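Undergrad: In this note's numbering, the protein residues as written are 33 to 381.
Just so you know, even glycine gets a beta-carbon here, dropped at the ideal spot from N, CA and C.
Only a predicted model underlies this, so the values are computations on that prediction, with no experimental measurement involved.
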């Protein structure tokens with residue numbers, strides 16, 4: 033198969049998540065939300081302290097309250113892409129505290145192999161996988177917690193492969209006496225170990241600020257996320273909004289200061305957050321702006337879902353809207369394998 037065709041698929045598969053921001057990085061799957069609770073609230077939430085999936089995005093949330101919590105997640109993504117992840121936490125001992133592990137896997141299915149003339153010559157597959165191990169500690173005599181993840185990354189396209197290594201750093205403020213939680217995370221600081229074609233590419237480094245606030249008299253928790261803080265201009269012109277004058281000259285969509293600012297914003301709300309049944313809704317401004325169709329109300333950027341808690345089981349579902357032709361469903365099942373009585377199980381949070 034011609035090398036240029038391989039590179040074409042490499043660009044698509046390694047950066048499919050970041051296509052809205054220009055496809056500048058490899059291993060874009062690292063920044064794809066994979067668990068339903070986060071997806072339903074718009075994506076990239078950082079302040080869940082009771083969800084074993086959260087440390088894969090914010091390692092500072094690792095605590096002994098997550099001991100023996102197991103979560104299995106599945107996403108039916110765009111164009112037949114399947115995404116799965118597994119998270120687990122285990123308290124080593126009272127001194128060393130808790131380790132968190134996560135495996136994330138992406139399968140792109142079978143892709144038709146063709147030559148320059150378009151003649152089919154069989155098929156090939158493409159896959160991504162990342163394995164992470166995380167740890168966190170409390171800053172003594174404070175309500176601040178810090179943590180880190182170490183990630184090993186492997187990606188393959190037919191006979192081509194690439195590997196990398198990255199770390200995440202997070203810090204979280206949480207106090208049982210305050211209704212708000214604040215977190216700051218720097219993700220995917222790392223490098224390729226081996227590349228697809230001898231050219232090293234950048235990892236999808238990202239700085240995210242997240243906060244949540246639980247109302248006192250209403251069973252509602254608000255979430256706010258500011259993503260891609262390492263880069264101000266994240267706006268990409270939507271081709272459906274370009275204009276053409278009578279002379280045939282095309283003008284791309286102009287992105288204003290305020291428009292670009294809002295493309296960093298994700299908001300979400302969780303109703304009955306501490307009950308057996310939860311209802312969630314989220315809105316991703318950038319996804320809405322860059323995937324909307326002209327003169328069509330597609331509700332792109334909107335997501336919603338629900339959660340059910342049954343004894344030691346938690347089931348979460350999320351439905352996210354990209355545009356009128358693409359919807360994504362995410363399923364999560366969380367199991368509490370800790371047999372210790374909860375009243376005798378001291379927790380850091």
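Check whether the Cβ atoms of residue 313 and residue 108 lie closer than 8 Å to each other.
TA: No, the Cβ-Cβ distance between residue 313 and residue 108 is not below 8 Å.
Undergrad: Roughly how many whole angstroms lie between the Cα atoms of residue 86 and residue 167?
TA: Cα to Cα, residue 86 sits roughly 13 Å from residue 167.
Undergrad: Distance cutoff 8 Å, beta carbons only. Does residue 287 sit that close to anything in chain B?
TA: Chain labels in this structure do not include chain B; a single protein chain is all it has.
Undergrad: Taking 8 Å as the threshold (C-beta atoms), are residue 259 and residue 233 in contact?
TA: No; because the gap between Cβ atoms is not below 8 Å, this pair is not in contact.
Undergrad: Kindly indicate which three-state DSSP category residue 286 falls into: helix, strand or coil?
TA: Residue 286 falls in the coil class under three-state DSSP.
Undergrad: Flag this pair as touching only if the segment 283-303 and the segment 102-116 have three or more C-beta atom pairs under 8 Å; answer yes or no.
TA: The segment 283-303 vs the segment 102-116: no contact.
Undergrad: My output table needs one value for residue 366: the three-state DSSP class, helix, strand or coil.
TA: Of the three classes helix, strand and coil, the one that applies to residue 366 here is strand, per DSSP.
Undergrad: Given this structure, state the Cα-to-Cα distance separating residue 420 from residue 90, to the nearest angstrom.
TA: Lying before the first or after the last residue shown, residue 420 is absent from the chain, which here runs from 33 to 381.
Undergrad: Can the beta-carbon of residue 217 be found closer than 8 Å to that of residue 240?
TA: Contact: yes.
Undergrad: Run through DSSP, which three-state label would residue 182 get?
TA: In the structure shown, residue 182 sits in a strand (DSSP, three-state: E or B).
Undergrad: Measure how close the beta-carbons of residue 353 and residue 366 come, nearest whole angstrom, since I'm counting them as under 8 Å.
TA: The pair is not a contact, with the Cβ atoms about 24 Å apart (cut-off 8 Å).
Undergrad: If I measure Cβ to Cβ from residue 113 and keep anything under 8 Å in the same chain, skipping five residues before and after, which residues do I get?
TA: Taken in chain order, the residues that qualify are 48, 138, 139, 140 and 141.
Undergrad: Taking the beta carbon of residue 207 as the centre, do at least 16 other beta carbons fall within 10 Å, making it buried, or is it exposed?
TA: When all chains shown are included, residue 207 counts as exposed.
Undergrad: Between residue 157 and residue 145, how many whole angstroms is the CB-CB distance? I'm expecting something under 8 Å.
TA: With 8 Å as the limit, residue 157 and residue 145 do not qualify as a contact, their Cβ atoms being about 10 Å apart.
Undergrad: Using the rule of at least 16 other Cβ atoms within 10 Å of the residue's Cβ for burial, across every protein chain shown, is residue 53 buried or exposed?
TA: The pLDDT assigned to residue 53 is 49, lower than 50, so where the model puts this residue is not dependable; a value taken from the coordinates is nonetheless given after this. By the neighbour-count rule (16 or more Cβ atoms within 10 Å), residue 53 is buried.
Undergrad: Helix, strand or coil for residue 145? Go by DSSP, reduced to three states.
TA: It is a strand residue.
Undergrad: Can you confirm whether the segment 187-204 touches the segment 221-235 when touching is taken to mean that 3 or more C-beta pairs between the two stretches lie within less than 8 Å?
TA: Judged by Cβ distances under 8 Å, the segment 221-235 makes contact with the segment 187-204, as three or more pairs qualify.
Undergrad: Please report the straight-line C-alpha distance between residue 132 and residue 68, rounded to a whole angstrom.
TA: Approximately 19 Å, taken between the alpha carbons.
Undergrad: Output the residue ranges of the beta strand (DSSP E) runs that lie fully inside the segment 104-141 and measure 3 residues or longer, sorted by chain position.
TA: Counting whole runs of 3 or more residues, the segment 104-141 contains the beta strand (DSSP E) stretches 114-125.
Undergrad: Just to check, is the beta-carbon of residue 133 closer than 7 Å to a non-hydrogen atom of the ligand SAM?
TA: What this structure holds is no ligand at all, so the ligand SAM is not there to describe.
Undergrad: Give me the DSSP bridge partner(s) of residue 225.
TA: Per DSSP, none; premise fails for residue 225.
Undergrad: Alpha carbon to alpha carbon, what distance is there between residue 152 and residue 256?
TA: About 47 Å.
Undergrad: Look at the alpha carbon of residue 344 and the alpha carbon of residue 308, and state the distance between them as a whole number of angstroms.
TA: Residue 344 and residue 308: Cα-Cα distance of roughly 11 Å.
Undergrad: Which class does residue 193 belong to by DSSP, given the choice of helix, strand or coil?
TA: Residue 193: strand per DSSP, three-state reduction.
Undergrad: In angstroms, rounded to a whole number, what distance separates the CA positions of residue 236 and residue 64?
TA: The straight-line gap from Cα to Cα measures roughly 11 Å.
Undergrad: Does residue 88 pass the burial test, meaning 16 or more other C-beta atoms within 10 Å, or should it be called exposed?
TA: Label assigned to residue 88: buried.
Undergrad: Are residue 389 and residue 298 touching if we call contact CB-CB under 8 Å?
TA: The structure shown does not extend to residue 389, since the chain spans only 33 to 381, so no value can be given for it.
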